[in-house]
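Since the structure comes first, as structure tokens, the remarks are kept for the end.
In the working numbering, the protein residues as written are 1 to 208.
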């Protein structure tokens, strides 16, 4: 992944954190995505013709390992952005946080993911397979793009997702609007995963 100074500054301003996916978790994810026909399809408000297909994770032992990995990164995120969780002052008492059900995104050429945001207070996206290099990307093709207000107008921050994003994960505030543009230079699908971190109001406070 290559970002210029302005992109890095804006990513930090928006509350975005990148990290490597641990090798054992990454290998397990690759194994599961090789047989996604065994997974339940996810239907969302974005589901439509031309939109990437979503699949739920299987609840296996490797999924527990994935949960532990995500929980450790959430701890890191809250250390990096210690004031962020204080923005959520809607509860009279502190509440624990929990992982919502994550999903895989299988994006074929010409498919896209419309502009949207997520539930929860923190979201993540990670990349398993990106079938092209940065030199093959033209314009906004294949970009993961944030859309956000700035001084009375909308700004965009496009991330040129290429093969160097494989094995990386990005955490960002759930309210951030974003979309994924189509690509046209490969018949191999782009495979990613996403999920949300929620407040668990049914339990007393505990550490993540």
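For each residue, glycine too, the CB sits at the ideal point set by N, CA and C. The structure displayed is predicted, hence computed values, not measured ones.
Residue i - partner residues in DSSP beta bridges
{"i": "residue 159", "result": "144"}
{"i": "residue 198", "result": "98"}
{"i": "residue 173", "result": "122"}
{"i": "residue 179", "result": "145"}
{"i": "residue 168", "result": "20"}
{"i": "residue 79", "result": "Paired residues: none, contrary to the question."}
Whole-angstrom distance between residue j and residue i, CA atom to CA atom
{"i": "residue 144", "j": "residue 116", "result": "12 angstroms"}
{"i": "residue 84", "j": "residue 138", "result": "35 angstroms"}
{"i": "residue 185", "j": "residue 135", "result": "11 angstroms"}
{"i": "residue 130", "j": "residue 165", "result": "7 angstroms"}
{"i": "residue 33", "j": "residue 11", "result": "29 angstroms"}
{"i": "residue 162", "j": "residue 197", "result": "26 angstroms"}
{"i": "residue 111", "j": "residue 101", "result": "23 angstroms"}
{"i": "residue 153", "j": "residue 24", "result": "43 angstroms"}
{"i": "residue 29", "j": "residue 148", "result": "31 angstroms"}
{"i": "residue 53", "j": "residue 180", "result": "13 angstroms"}
{"i": "residue 124", "j": "residue 18", "result": "9 angstroms"}
{"i": "residue 3", "j": "residue 16", "result": "13 angstroms"}
{"i": "residue 206", "j": "residue 109", "result": "With a pLDDT of only 47 at residue 206, under 50, the local geometry of the prediction cannot be trusted, and the value read off the model is given with reservation. Approximately 43 angstroms, taken between the alpha carbons."}
{"i": "residue 61", "j": "residue 121", "result": "26 angstroms"}
Simplified DSSP state of residue i, which is helix, strand or coil
{"i": "residue 24", "result": "helix"}
{"i": "residue 31", "result": "helix"}
{"i": "residue 184", "result": "coil"}
{"i": "residue 118", "result": "coil"}
{"i": "residue 135", "result": "helix"}
{"i": "residue 66", "result": "helix"}
{"i": "residue 86", "result": "helix"}
Short CB-CB distance (under 8 angstroms) between residue i and chain D
{"i": "residue 7", "result": "No chain D is present in this structure, which holds just one protein chain."}
Buried or exposed by the 16-neighbour rule on C-beta atoms within 10 Å, applied to residue i
{"i": "residue 157", "result": "buried"}
{"i": "residue 73", "result": "buried"}
{"i": "residue 178", "result": "buried"}
{"i": "residue 13", "result": "exposed"}
{"i": "residue 105", "result": "buried"}
{"i": "residue 40", "result": "exposed"}
{"i": "residue 190", "result": "buried"}
{"i": "residue 107", "result": "buried"}
Counting beta carbon pairs with one atom in the region 93-101 and one in the region 157-174, are three or more of them shorter than 8 angstroms?
Counting C-beta pairs with one atom in each stretch, the region 157-174 and the region 93-101 have fewer than three that are closer than 8 angstroms, which means they do not touch.
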